[in-house]
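S.K.:
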Amino acid sequence: MFWLNIAQIIVAVLLIIFVILTSRSSGLLGTLGGETTPYQTRRGLEKGAFKLTIVFAVLFLGLSMAQFILAR
């Protein structure tokens, strides 16, 4: 179960990083000086970061559930 704890910590750190990158107030376009509107579509790097955020969230949920089941 030690490897499960390490994997969960790594995924949690990556999830935090990608959530910060994809937030609207400090998103990738905002940090580069571009304007963001609520109806703007994600393109390029921002779209990839958004998809990776979802992947890491699902991985974190899966690891958490696995750790809960194996702890019994």
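In this text, residue positions in the sequence shown follow my numbering: the first is 31, and each later residue adds one. Here a beta-carbon is modelled for each residue, glycine too, at the ideal position from N, C-alpha and C.
#1: Reducing DSSP to helix, strand and coil, say where S53 ends up.
#2: Taking Cβ positions, are L93 and V43 nearer each other than 8 Å?
#3: Count the other CB atoms, across all protein chains shown, that sit within 10 Å of the CB of L136; report buried if there are 16 or more and exposed otherwise.
#4: Given this structure, state the Cα-to-Cα distance separating L34 from R102, to the nearest angstrom.
#5: With respect to the alpha helix (DSSP H) encompassing A79, which residues constitute its N-terminal and C-terminal limits?
#6: With a threshold of 7 Å on Cβ separation, who are the neighbours of V49 within its own chain once the five nearest residues in sequence on each side are excluded?
#7: Is T71 buried or exposed, if buried means 16 or more other CB atoms sit within 10 Å of its CB?
M.R.: The structure says:
#1: coil
#2: no
#3: Since the first and last residues shown for the chain are 31 and 102, residue 136 lies out of range.
#4: 15 Å
#5: L75 to L100
#6: T83
#7: exposed
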